[in-house]
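Following the UniProt record's numbering, the numbering of the sequence shown begins with 1 at its first residue and continues without gaps.
Encoded as structure tokens, the structure appears first; notes follow it.
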Amino acid sequence: MKETDLHASDTFLEAVSNLPLDYNYPLYSHIFQDFGTHYFSSGKTGGVYDVMYQYDRTNLQSSGLTQAEMRECVTTETKVRVLFIKVTKKRTRCTHNSMTLKTKGKGQRSAFRQS
1 MKETDLHASD TFLEAVSNLP LDYNYPLYSH IFQDFGTHYF SSGKTGGVYD VMYQYDRTNL
61 QSSGLTQAEM RECVTTETKV RVLFIKVTKK RTRCTHNSMT LKTKGKGQRS AFRQS
């Protein structure tokens with residue numbers, strides 16, 4: 001949305017136009033309660049996630065993957081799921097090992113503790 005596309009709502013304009021020119025606390029207070037005291041003129045959406053995965057050391061060692069390989073698998077899976085980057089070449093080591101076979105091919109899911 002461009003800055004020039006920002007317009008006050010008809011409801012707000014009507015409420016302001018009905019205010020008296022002389023300050024009247026109850027009437028002006030009502031405007032502030034209904035519409036607030038600030039407005040957004042621009043902004044950005046988005047965010048940053050900080051994710052930490054915990055793996056059982058025994059499961060990781062028996063998976064046949066090194067810590068670096070598992071880290072690469074989790075990073076690749078995260079990019080596909082979060083950033084919507086299409087990965088055309090998939091490593092089978094990331095989906096076919098004893099750790100991910102229990103979780104249907106997802107290294108991330110093996111980080112979740114089963115109760």
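Built from N, CA and C at the ideal position, the CB exists for glycine as well.
These numbers were taken from a predicted model, which means no experiment stands behind them.
Less than 8 Å between the C-beta atoms of Pro-20 and Leu-27, yes or no?
In this structure, Leu-27 lies closer than 8 Å to Pro-20 by Cβ.
If you drop the 5 nearest sequence neighbours on each side, which residues of the same chain put their C-beta closer than 6 Å to that of Asn-24?
Nothing listed; no residue qualifies.
What residue does the alpha helix (DSSP H) around Tyr-28 start on, and which one ends it?
It spans 25 to 35 - the alpha helix (DSSP H) in which Tyr-28 sits, taken as one unbroken run.
With DSSP as the reference, label Gln-54 as helix, strand or coil.
Here Gln-54 sits in coil by DSSP.
Which residues in the same chain as residue 129 place their Cβ atom closer than 6 Å to its Cβ, once the five residues preceding and following it in sequence are excluded?
The chain is shown from 1 up to 115; residue 129 falls before or after that span and cannot be answered.
Does Ser-63 pass the burial test, meaning 16 or more other C-beta atoms within 10 Å, or should it be called exposed?
So Ser-63 counts as buried.
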